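Report on one structure; see the data block that follows.
Number of protein chains: 2
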Amino acid sequence: MPVRHISEIKSEKMNVSGAENVELQWLVDSSMGAENFAMRRFVIRPGGHTPLHSHPWEHENYVLEGEGVVRIGSEEYELERDMVVFIPPGTEHQFRNPGNRDFILLCIIPIVEPE
Amino acid sequence: MPVRHISEIKSEKMNVSGAENVELQWLVDSSMGAENFAMRRFVIRPGGHTPLHSHPWEHENYVLEGEGVVRIGSEEYELERDMVVFIPPGTEHQFRNPGNRDFILLCIIPIVEPE
Chain D
0 MPVRHISEIK SEKMNVSGAE NVELQWLVDS SMGAENFAMR RFVIRPGGHT PLHSHPWEHE
60 NYVLEGEGVV RIGSEEYELE RDMVVFIPPG TEHQFRNPGN RDFILLCIIP IVEPE
Chain X
0 MPVRHISEIK SEKMNVSGAE NVELQWLVDS SMGAENFAMR RFVIRPGGHT PLHSHPWEHE
60 NYVLEGEGVV RIGSEEYELE RDMVVFIPPG TEHQFRNPGN RDFILLCIIP IVEPE
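Residue numbers (numbering that gives the first Met the number 0), protein chains in the order written: chain D, 0 to 114; chain X, 0 to 114.
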């Protein structure tokens, strides 16, 4: 099905060391026929965060709702709705929600072979 | 600058045959260091539409605001906020705004060499 509402897409806990109170949905991935990049939607609950980590692929992010913070390398930036983030490959990064409402963002990544 | 608000990013008219009343912003592209895919934001004004066309690369779309219609091949689908679209490579498609308020969506495409 080439068109879906997010309410039709299953949500899973981000089950990675260093992640707390994060849920994610795979909105577009190889199961829909995407060969080059995948679109995910993250919900970071109040107090939650993604892992502080790096990997050889980039992120492109768009903030849909709420407020949060992104660390990229040694810098931190405050984020709000309609902000765009580019995280270069190989750069340490983390998204955090220090606020009291959900912080929701899209995260697009290249489809890479598992290492 | 790896973090920007959309208000800091210039908007341009979609200047392609068959497009009417569409403005677009390049949110992430190769000028920011992206090598694999680019993120654009389209504002389709009431009555506006993108061209009915096809190309050898896919689209991944996320609807941010408003309502509209997407044609994919011979099918049409109604769209609203928080809907996701995957348009396979080589498939004819068009976004239209038959409503009376702006229809706003993200469109992610692979970065391809001009043909």
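Glycine included, C-beta positions come from ideal geometry on N, C-alpha and C. From a predicted model like this one, the values you see are computed outputs, not experimental measurements.
Discussion item. When you compare the region 94–113 of chain D with the region 64–76 of chain X, are there three or more beta-carbon pairs, one atom per stretch, that lie closer than 8 Å?
Written reply: These segments do not touch.
Discussion item. DSSP three-state label for Glu34/X, please.
Written reply: Correct three-state label for Glu34/X: coil.
Discussion item. I'd like to check one pair, Arg40/D with Asn115/D: are the Cβ atoms closer than 8 Å?
Written reply: No information on residue 115/D is available, as it lies outside the stretch 0 to 114 that chain D covers here.
Fill in: Unbroken beta strand (DSSP E) run spanning Gln99/X, endpoints
Per the sequence presented here, residue 99/X reads as Asn, with Gln not at that position. Under the DSSP assignment, Asn99/X falls outside any beta strand (DSSP E); it carries neither an H nor an E label.
Worksheet item: Would His58/D be called buried (16 or more neighbouring beta carbons within 10 Å of its own) or exposed?
Response: Flag for His58/D reads buried.
Discussion item. Given this structure, state the Cα-to-Cα distance separating Val15/D from Pro50/X, to the nearest angstrom.
Written reply: Going by the C-alpha atoms only, they are around 42 Å apart.
Fill in: Val111/X, buried or exposed, once every other Cβ within 10 Å from all chains shown has been counted against 16
Per the 10 Å Cβ criterion, exposed.
Worksheet item: Under a CB-based cut-off of 8 Å, is Glu64/X close to chain D?
Response: No, Glu64/X lies away from the interface with chain D (no Cβ there is under 8 Å from its Cβ).
Worksheet item: Taking the C-alpha atoms as reference points, what is the distance between Glu64/D and Leu78/D?
Response: Near 10 Å, if we compare the C-alpha coordinates of Leu78/D and Glu64/D.
Fill in: Within chain D, the residues that Val42/X reaches when beta carbons sit closer than 9 Å
Identification of chain D residues near Val42/X by a Cβ-Cβ cut-off of 9 Å yields none; the smallest Cβ-Cβ distance measures about 12 Å.
Discussion item. Please return the same chain residues whose Cβ sits closer than 8 Å to the Cβ of Ile5/X, not counting the five positions on each side in sequence.
Written reply: So the list reads Gln24, Leu26 and Arg40, once near-sequence residues are dropped.
Fill in: Selection from Asn35/D, Pro1/D and Ile8/D that minimises the alpha carbon distance to Trp56/D
The shortest Cα separation from Trp56/D among Asn35/D, Pro1/D and Ile8/D belongs to Asn35/D.
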